[in-house]
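Trainee:
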Amino acid sequence: MIRRLRNRENPPPSLSSPEANAERIDNRKLADAAKAAGNSIHDAVKAMKFNAYSALDVHNWLWAQFGQKCAYCEASASNTDVHVDHHRPKGDLDAADNPNNDHPGYWWLGSDWENLLPACGHCNRSPQYDPASGRRYKSGKSDRFPLLEGSARCMFEGEDVEEQPALLDPSIDEPSFFFAVRIHRTLPLIGVRRGRDDAERIRAKESIKIYGLNRPGLVRDRALHVSSLLLTLDQLAENLDDLNAAADANAKEKYEKRSQATWKKLYERYLGSHELPFLMTSIRIVEKWFEQRGMRLGDHLPHDYDLVPLHLDDQPNEAVVNAAPAAAAQHPERILPASVVNFRALDQVRSHFVRWQQEHEPRAAVIKEAIKEVLNAIDIAIRVDPADQAGWYEAVAVLRGELDSVRRRTQRFVRFPNFVDEQKGYLVARDVI
Ligand SMILES: [Zn+2]
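Its first residue numbered 542, the sequence shown is counted upward by one per residue in the working numbering.
#1: Ignoring anything shorter than 4 residues, give me the alpha helix (DSSP H) runs that lie fully in the stretch 690-737, in order along the chain.
#2: For Val625, list the residues DSSP reports as bridge partners.
#3: So, helix, strand or coil for Val581, using DSSP?
#4: Which class does Ser617 belong to by DSSP, given the choice of helix, strand or coil?
#5: Ligand 1 and Gln575: does any heavy atom of the ligand fall closer than 7 Å to the residue's C-beta?
#6: Please confirm if the stretch 560-576 is in contact with the stretch 716-736, defined as three or more CB-CB distances below 8 Å between the two stretches.
#7: Give the single residue among Asn639, Lys587 and Gly691 whose Cα lies nearest to the Cα of Val702.
#8: Bridge partners for Lys610 per DSSP, in chain order?
#9: For ligand 1, list every residue whose C-beta falls under 6 Å from any of its heavy atoms, going in chain order.
#10: When you compare each of Leu708, Ala922 and Val849 to Glu935 by their alpha carbons, which one comes out closest?
#11: Less than 8 Å between the beta carbons of Lys750 and Ser680, yes or no?
#12: Helix, strand or coil for Tyr670 per DSSP?
#13: To the nearest whole angstrom, what separates the beta carbons of Leu759 and His663, a pair I think is in contact under 8 Å?
#14: Between which two residues does the beta strand (DSSP E) containing Tyr678 stretch?
#15: Is the stretch 635-642 touching the stretch 735-753 in the sense that three or more CB pairs, one from each, lie closer than 8 Å?
#16: What do you get for Met589, buried or exposed, if any count of 16 or more other CB atoms within 10 angstroms of its CB means buried?
#17: Closer than 7 Å by C-beta to Pro757: which residues in its own chain qualify, once you throw out the five before and the five after it? Chain order, please.
#18: Specify the secondary structure class of Ser842 as computed by DSSP and reduced to three states.
#19: Measure the C-alpha to C-alpha separation of Arg948 and Gly942 and round it to an integer number of angstroms.
#20: Determine the burial state of Gly646: buried for a count of at least 16 other Cβ atoms within 10 Å of its Cβ, exposed for fewer.
#21: Just the Cα atoms here: how many angstroms apart are Ser652 and Arg547?
#22: Just to confirm, are Gln889 and Ile713 a CB contact at a threshold of 8 Å?
#23: Beta-carbon within less than 8 Å of Gly768's beta-carbon, same chain only, minus the 5 sequence neighbours each way: which residues are those?
#24: Given Trp649, which residues of its chain have a CB within under 6 Å of its CB, disregarding the five upstream and five downstream residues?
#25: DSSP state of Leu777, grouped into three classes?
#26: Go ahead and pull the three-state DSSP assignment for Leu571.
#27: Does DSSP put Leu944 in a helix, in a strand, or in coil?
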């Protein structure tokens with residue numbers, strides 16, 4: 542799973558056609574009539590029609606946005622049946638997530654492109670069957686949409702509830718922040734990344750379980766992919782060893798060329814485009830390979846590489862974190878130096894605003910513009926090299942200015958989260974509402 546921020550500019554025409562709008566109006570009338578008569582909305586939802594989302598242009602648009610891969614497992618569309626998944630189920634919610642059977646499903650999001658994701662049959666349906674082992678297994682999203690414990694659930698259209706989903710949405714969340722790739726007896730399995738807090742661990746685990754990210758067939762395909770990636774990495778290691786051992790300038794030049802050619806091949810086949818299979822797995826494995834050799838993958842990628850943020854290291858830099866309180870006290874901005882804590886917070890702030898943009902669709906153009914500026918400022922800050930402290934302070938100062946601007950423009954009608962912990966001095970997004 543990798544993050545893809547969908548292009549908001551050109552949603553598929555079938556979702557805004559007169560027929561689609563008529564479908565929405567009819568569905569709303571059915572819900573209103575049931576409410577007015579004191580009847581169950583469940584029955585009204587059964588009578589609703591949801592045709593707009595299954596138009597061909599919707600399929601094509603969604604699969605193109607996600608590089609012709611399933612949004613959940615990155616399986617290639619050419620090798621699976623293709624579905625359009627309602628991330629929030631449009632009809633019945635699974636009993637596991639609806640124990641009182643009082644939720645009629647998110648029917649009002651039935652043809653809302655922000656609720657649609659391209660999914661393969663394995664991720665979308667449940668239960669599954671694995672021919673190789675002859676077993677049934679339970680993964681598959683189907684009508685699941687669990688929330689974190691204690692989160693309120695939005696029951697009807699327009700209700701102002703901020704849900705805390707337990708499943709990751711690759712168009713909002715950054716999966717590489719949550720997942721690690723661990724090779725267990727040659728099988729590359731998706732696990733929970735170290736250093737995550739309780740809620741983050743639950744979200745990672747639920748997503749692995751429900752999307753079936755370690756289901757047998759998928760792991761077998763992933764293992765084939767990883768074994769050829771590891772061969773290329775072996776070749777690169779050999780080239781680099783030869784280069785280090787080169788006795789003269791001619792030999793050095795020869796092995797330098799070989800290393801560059803191998804790296805180019807590796808980049809083009811495994812890292813260079815969001816359309817490549819199992820991209821998150823490749824990035825995590827290559828990132829680790831570089832770390833084990835005392836190098837940073839980010840130093841070898843093109844400057845504008847943005848398929849995943851590569852600053853989200855597993856281990857915060859101890860020296861930076863220990864020096865942080867003193868640095869925060871000295872610095873007028875009271876913002877800590879660049880560290881994993883801050884990059885993580887930035888990612889949370891970004892998720893908050895992306896969600897705000899998508900779920901609350903600000904009406905005023907001026908607020909929309911202010912949110913866009915915040916997201917731009919975050920994108921700049923998150924790409925700052927952690928060693929470039931001056932660059933970091935500058936980027937964060939710009940970001941704080943943009944946050945203030947959104948706060949000023951929205952304070953009359955929304956509570957604005959406090960993104961800066963004034964005590965500790967660093968950016969936080971823990972108390973987002
Ligand atoms: Zn899938």
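All C-beta atoms, glycine included, are put in the ideal place defined by N, C-alpha and C. This one's a predicted model, so the numbers in the text were calculated from it and none came from an experiment.
Mentor: Taking the definition as stated:
#1: 716-719
#2: According to DSSP, Val625 shares a beta bridge with Pro659.
#3: Val is not the amino acid found at residue 581; the sequence shown has Ser there. Of the three classes helix, strand and coil, the one that applies to Ser581 here is coil, per DSSP.
#4: strand
#5: It should be pointed out that residue 575 corresponds to Ala in this sequence rather than to Gln. No, the beta carbon of Ala575 sits no closer than 7 Å to any heavy atom of ligand 1.
#6: no
#7: Gly691
#8: For Lys610, which the question treats as bridged, DSSP gives the partners Ser617.
#9: Cys611, Tyr613, Cys614, Ala616, Ala660, Cys661, His663 and Cys664
#10: Ala922
#11: yes
#12: Reduced to three states, the DSSP call for Tyr670 is strand.
#13: 7 Å
#14: Arg676 to Tyr678
#15: Cβ pair count under 8 Å is below three, so no.
#16: Its Cβ being crowded by 16 or more others within 10 Å, Met589 is buried.
#17: Closer than 7 Å at Cβ, skipping near neighbours: Asp671, Ala673 and Ser674.
#18: Correcting the residue identity first, residue 842 is Leu in this sequence and not Ser. If DSSP states are grouped into helix, strand and coil, Leu842 belongs with coil.
#19: Distance between the alpha carbons of Arg948 and Gly942: 10 Å.
#20: buried
#21: Distance between the alpha carbons of Ser652 and Arg547 is about 16 Å.
#22: no
#23: It should be pointed out that residue 768 corresponds to Ser in this sequence rather than to Gly. Only Thr727 meet the Cβ criterion.
#24: Within the same chain, Cβ atoms closer than 6 Å to the Cβ of Trp649 are found at Glu698, the five residues on either side in sequence being excluded.
#25: helix
#26: Correct three-state label for Leu571: helix.
#27: It is helical.
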